[in-house]
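Presented below is the structure to which this report refers.
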Amino acid sequence: MVSVRMFAICLLKREIHLSVSFKRTIIFFAARVYKP
Numbered sequence: 001m002v003s004v005r006m007f008a009i010c011l012l013k014r015e016i017h018l019s020v021s022f023k024r025t026i027i028f029f030a031a032r033v034y035k036p
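What follows is the structure, given as C-alpha cells:
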C-alpha cells in the first residue's frame, strides 16, 4: 500500500510539472503570436 504522504508528494510534483509546462506553452504561443 502506498502511503498517503508519498501519494501527496507525487501528486504535488505532477501538479507543479503540469503548471510549468502549461506556462511554457502559453509563453511559446504568445511569443509566436506577438512576433513582429
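For the sequence shown, full-length UniProt numbering puts the final residue at 36, and the numbers step up evenly by one. All C-beta atoms in this analysis are idealised placements derived from N, C-alpha and C, irrespective of residue type, glycine included. Values in this document were obtained by computation on a predicted structure and should not be read as measured data.
Work out the CA separation of residue j and residue i for me, nearest whole Å.
| i | j | result |
| --- | --- | --- |
| V33 | I16 | 26 Å |
| F35 | K13 | Reading the sequence as shown, one finds Lys at residue 35 and not Phe. Distance between the alpha carbons of K35 and K13 is about 33 Å. |
| L11 | L18 | 10 Å |
| residue 58 | K23 | Given a span of 1 to 36 for the chain in the structure shown, any question on residue 58 remains unanswerable. |
| V2 | I27 | 36 Å |
| A31 | I9 | 33 Å |
| F29 | S21 | 12 Å |
Whose C-beta lies closer than 7 Å to the C-beta of residue i among residues of the same chain, with five residues either side of it excluded?
| i | result |
| --- | --- |
| V4 | none |
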